[in-house]
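Asks: My questions will all concern the structure given below.
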Amino acid sequence: FAALDGYEKNEQPLKSYYPRLLAGLDFDREAKRLANVQFAALTPDATAAAERQVAAPPPAEPSELERMLAEAKKQGDAQDPAAVLAYERIIQKYPDAPAAQYGLARALVIKGDVDRAKTMLQKVIQELSAEGAAAGADPQTLSWSHIWLARIYDVQERRDLAVPEYRAAMGVDGAPQSARSAAQKGLEKP
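In case it helps, the working numbering puts the sequence shown at residues 36 to 225.
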């Protein structure tokens, strides 16, 4: 390690200094220095944890649906009109993908096709709220579908329909905090 101090004070690139660095290594001195190093004892818990880390599978590659949704979401977030077509392609290939239906509804709102967006949101809510779907439902998609539908109702001056949708969003088990906050703001806004 002492040889690295010399390199830091030197102007030469490492490639040129490397041979001198190797020649300056004192293996006997390093062996003596390391002879006094005490390593912590390996406990059974630490061994098991290390084995789990080694055995952990690599993260799964995103599915085709996930990749398509991510790309369509990027377009939607950028308010690109092509988002509508991207989501329609996803729905054509994966007709039972509520996240794609929700994304299409958002893109339609941005495009100005509010009636079609409202129909899509109602469909998503119905599918994700249906008996049996609740266990595998996507709380983010469900809660935000309620919020977007409520916002449409608010714009249409149908507060009587908007408030129950905001409340439904607040009641979704596992809804993200961002959705709960948005629903709360919607409830507070007259």
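Don't be surprised by glycine CBs; every beta carbon is placed ideally from N, CA and C.
Within its chain, find whatever has a CB closer than 6 Å to the CB of S180; leave out the 5 residues flanking it on each side and keep chain order.
Replies: Y137, L156, V159, I160
Asks: Out of curiosity, what's the CA-to-CA distance linking Y129 and T82?
Replies: 44 Å
Asks: Output the residue ranges of the alpha helix (DSSP H) runs that lie fully inside the region 111–186 and measure 4 residues or longer, sorted by chain position.
Replies: 117–128, 133–146, 149–164
Asks: Any chance the region 187–199 sits against the region 207–218, with 3 or more Cβ pairs inside 8 Å?
Replies: no
Asks: Can you grab the Cα-Cα spacing for the pair E101 / A132, in whole Å?
Replies: 10 Å
Asks: Thinking just about the alpha-carbon of each residue, which of K44, P94, I125 is nearest to the one in K108?
Replies: I125
Asks: Take L222 as the anchor and find which of A135, A185, Q127 has the nearest alpha-carbon.
Replies: A185
Asks: Helix, strand or coil for T78? Go by DSSP, reduced to three states.
Replies: coil
Asks: Is L69 buried or exposed, if buried means 16 or more other CB atoms sit within 10 Å of its CB?
Replies: Label assigned to L69: exposed.
Asks: Looking at the structure shown, is Q191 part of a helix, part of a strand, or coil, going by DSSP?
Replies: coil
Asks: So is A172 buried or exposed if we call it buried at 16+ other beta carbons inside 10 Å?
Replies: By the 10 Å Cβ count, A172 comes out buried.
Asks: Alpha carbon to alpha carbon, how far is L104 from I145?
Replies: 17 Å
Asks: Please report the straight-line C-alpha distance between I182 and A95, rounded to a whole angstrom.
Replies: 31 Å
Asks: Go ahead and label G111 buried or exposed: buried means 16 or more other beta carbons lie within 10 angstroms of its beta carbon, across all protein chains shown.
Replies: buried
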